[in-house]
Every structure is written in C-alpha cells, then in structure tokens.
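Chemist: Have a look at this one.
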Amino acid sequence: MRVDLHNHTIYCNHADGSIESYIQRACELGIHIFGFSCHAPMHFDEKYRMSFAQLPIYLTEITQQHDSIEILRALEVDYILGREDLLDEAVLHADVDYLIGSVHFLDNWGFDNPEFIGEWKKRGAFTTWDTYLSSLQGMAKTGYFQIVGHFDLPKIFGHVMPIELYKKMEATLQIMYDMDMVLEVNAAGLRKHIKEQYPSRIILEKAKEIGLNVTLSSDAHSVAQIGFGYDTCVQILKDIGFNKIAIFRKKQRYLLDLE
C-alpha cells in the first residue's frame with residue numbers, strides 16, 4: 000500500500016493548495032491512503048497555524064468520501080518542553096484518526112526557521128540537540144500522540160546529531176516504543192539543505208532493532224511536493240528490513256504490507 004500521512008494545506012497559513020487539489024494529486028500518484036495533518040491551533044506562534052475557530056471547519060472539509068483513495072484526518076501538534084499548558088483539550092480530543100507530535104520550538108526559538116538561524120551559534124549543536132531529545136522524550140511520555148514527526152529535525156541546516164548523544168537518542172526511541180508510538184519517515188528532509196530523509200538511516204536501523212513501527216510521509220506544503228522522495232524512503236526501509244507500514248484509523252493502529 001502506498002501511504003502518505005503528513006500533509007499540509009492553506010489552513011496552516013504557510014502552505015498552498017486546497018484539500019481537493021491535494022486529493023486529486025494523490026489519486027494521480029496512486030496513493031492508497033492519504034492523511035491531512037495541518038498544524039493544530041495553539042495560543043503560540045499563531046501566525047503559522049489554523050485558529051481554534053477554523054478547527055471544526057477543517058475537520059468537516061476533509062470528511063469527503065472518495066472511491067479511489069482513503070482519506071484520513073489528523074493534526075500535527077507542537078510540543079514545547081515545559082509548556083504543556085499549551086496543549087489544548089480541543090486539539091487532544093479532536094475527532095481525528097491520529098495526532099502527530101512534533102518539536103519545532105525549544106522554548107521560544109523556532110530552530111528550524113531560517114529567520115532565526117543565528118541562534119544556533121549562541122546555543123551550539125550539543126545543547127540544542129540535547130534539549131531537543133529531552134523534548135521528544137517529554138512529548139512521548141504525555142501519551143497523547145500516535146506518531147512522532149521528523150525525529151531528527153535539527154539537522155535541517157546541517158547540524159547533525161553529535162555522536163555523544165547517540166545513547167540518549169536510543170533511549171528516546173525506546174521511550175517511544177514503550178509509549179506505543181510510530182516513527183514517521185519524512186521525505187521533506189530530502190528537499191532541505193541536509194538532503195536526507197528524517198530520520199537518518201542510523202536512527203532507522205536502531206528503530207528496527209528496538210521494534211518500532213514506521214509510517215511514511217512527504218510533509219507536503221504544496222501540491223507539487225506530494226509524494227516527493229517516496230520511493231527513496233521505501234527503498235531505505237526495505238534495505239533495513241522493514242516490511243510493514245503503520246496507519247491509524249480513529250487512533251487505532253493497523254499494519255499494512257510495505258510495497
């Protein structure tokens with residue numbers, strides 16, 4: 000089954016394309032199961048996400064039935080370590096098939112935003128990655144999320160994870176396994192400066208050893224990005240030994256054959 004579970008639309012305020020145009024393109028590419036996961040509303044960085052008033056409209060718009068493709072609805076939710084108060088009940092208990100837990104911010108710093116790239120020099124790669132991994136652990140331990148988004152996002156500008164933190168990375172994956180989460184293999188990194196999927200092969204190999212299930216996404220922010228890098232990611236997974244792909248319906252996990 001061809002699966003793509005992480006995609007954005009105009010409701011995010013930083014993506015282009017209507018829901019219907021995304022579905023049409025996904026059908027053209029032969030995608031069997033397609034998920035919308037726009038950035039959830041939050042009283043933080045509100046410019047780049049839907050409002051709470053838009054949430055029911057978004058959910059209603061993607062309930063359309065299609066004969067040739069299964070459409071899933073989801074939300075990508077920001078987790079900020081120490082700001083768990085920002086996780087709103089309306090989001091956590093929304094009528095969705097799954098929630099993607101992602102870390103884009105370390106306190107108020109959007110570390111993946113080129114506008115604030117100068118902060119990297121102030122904090123350094125080790126401190127940034129250390130705090131990021133602690134954030135992923137905190138996110139997993141909430142028990143709210145089914146999928147972890149772009150596990151090694153801080154490498155986006157080329158700051159790869161310091162080898163001294165590999166043990167903490169492995170511990171983070173183990174926590175995700177213990178919390179019954181699924182690891183997203185996100186092709187967006189192939190479009191970025193790093194030119195590598197999230198997460199790296201080393202992380203995926205450790206995930207396989209631990210027993211984590213995986214899923215696939217293009218993290219499209221435009222119709223043109225749908226399906227980008229899919230075959231590359233599938234081949235990496237097959238090379239490592241994965242033969243199943245996870246999806247969620249009403250937050251219940253199902254494993255499908257990786258094709």
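Here numbering that gives the first Met the number 0 is used: position 97 in the sequence shown is 96, and no number is missing along the way. In this text, a Cβ means the ideal position worked out from N, Cα and C, and glycines have one as well. Since this is a predicted model, take the numbers as computed values, not measurements.
Straight-line CA distance for Y229 to A187?
Modeler: Your numbering for residue 229 matches position 230 in the sequence shown. Your numbering for residue 187 matches position 188 in the sequence shown. So the two alpha carbons sit approximately 10 angstroms from each other.
Chemist: For H38, which residues from the same chain have a beta carbon less than 6 angstroms from its beta carbon, with the 5 sequence-adjacent residues on both sides left out?
Modeler: If you number the sequence shown from 1, residue 38 lands on position 39. Cβ neighbours of H38 beyond the five flanking positions: C11, R48 and E75.
Chemist: Taking only three categories from DSSP, how would you classify G188?
Modeler: Walking along the sequence shown from the start, residue 188 turns up at place 189. DSSP places G188 in helix when its eight states are reduced to three.
Chemist: Where DSSP assigns a beta bridge to A73, which residues make up the other side?
Modeler: Sequence index remark: in the sequence shown, residue 73 carries index 74 (1-based). In DSSP, A73 forms a bridge with S36 and Y97.
Chemist: Check whether the Cβ atoms of L146 and M168 sit closer than 8 angstroms, and answer yes or no.
Modeler: Translated into the one-based positions of the sequence shown, residue 146 becomes position 147. Translated into the one-based positions of the sequence shown, residue 168 becomes position 169. The question names Leu, yet the displayed sequence has Ile at residue 146. No, the Cβ-Cβ distance between I146 and M168 is not below 8 angstroms.
Chemist: Under 8 angstroms between the Cβ atoms of K207 and I174?
Modeler: Locating residue 207 in the sequence shown gives position 208, where the first residue counts as 1. Locating residue 174 in the sequence shown gives position 175, where the first residue counts as 1. Not in contact: K207 and I174 (Cβ atoms no closer than 8 angstroms).
Chemist: Per DSSP, which residues does A245 bridge with? Please list them.
Modeler: By 1-based counting over the sequence shown, the position of residue 245 is 246. Paired residues: L254.
Chemist: Based on Cα-Cα distance, which residue from V222, F43, F115 and L105 lies nearest to D129?
Modeler: Residue mapping note: residue 129 aligns to position 130 of the sequence shown, counting from 1. When only C-alpha atoms are compared, the closest one is L105.
Chemist: I believe Y78 touches S134 by the beta-carbon criterion, under 8 angstroms. Please report the beta-carbon distance rounded to the nearest angstrom.
Modeler: Working through the sequence shown from its first residue, we reach residue 78 at position 79. Working through the sequence shown from its first residue, we reach residue 134 at position 135. Right, the Cβ-Cβ distance comes to about 7 angstroms (below 8 angstroms), so this counts as a contact.
Chemist: For L85, tell me which candidate among K194, H42, A223 and L98 has the shortest Cα-Cα distance.
Modeler: In the sequence shown, residue 85 corresponds to position 86, counting from 1. Of K194, H42, A223 and L98, the residue nearest in Cα terms is H42.
Chemist: Let's see if you can read the secondary structure: which residues bound the beta strand (DSSP E) around I216?
Modeler: Within the sequence shown, the letter at position 217 stands for residue 216. According to the sequence shown, residue 216 is Ser rather than Ile. Segment N212 to S216, the beta strand (DSSP E) holding S216.
Chemist: If you reduce the DSSP assignment to three classes, tell me which class G228 lands in.
Modeler: The residue you call residue 228 lines up with position 229 of the sequence shown. Reduced to three states, the DSSP call for G228 is coil.
Chemist: To which residues of the same chain is P153 closer than 7 angstroms at the C-beta, ignoring the five residues directly before and after it?
Modeler: Locating residue 153 in the sequence shown gives position 154, counting from the first residue. Same-chain partners within the cutoff: F110, T127, W128 and Y131.
Chemist: Kindly indicate the opening and closing residues of the alpha helix (DSSP H) around T141.
Modeler: Start at 1 with the first residue of the sequence shown, and residue 141 comes out as number 142. Segment: none, T141 is in no alpha helix (DSSP H) and carries neither H nor E.
Chemist: Taking only three categories from DSSP, how would you classify D15?
Modeler: Numbered from 1 along the sequence shown, position 16 holds the residue referred to as residue 15. DSSP places D15 in coil when its eight states are reduced to three.
Chemist: DSSP on Y197, reduced to helix/strand/coil?
Modeler: For the purposes of this step, residue 197 is taken as the residue at position 198 of the sequence shown. Strand at Y197.
Chemist: List the DSSP bridge partners of L182.
Modeler: Against the sequence shown, residue 182 aligns to sequence position 183. Beta-bridge pairing links L182 to V147 and V213.
Chemist: Going by DSSP in three states, L86 sits in which element: helix, strand or coil?
Modeler: Looking up residue 86 in the sequence shown gives position 87. Coil, per DSSP.
Chemist: Along the alpha helix (DSSP H) that carries Q173, what are the first and last residues, could you check?
Modeler: Locating residue 173 in the sequence shown gives position 174, counting from the first residue. Counting along the chain, the alpha helix (DSSP H) containing Q173 begins and ends at Y165 to D177.
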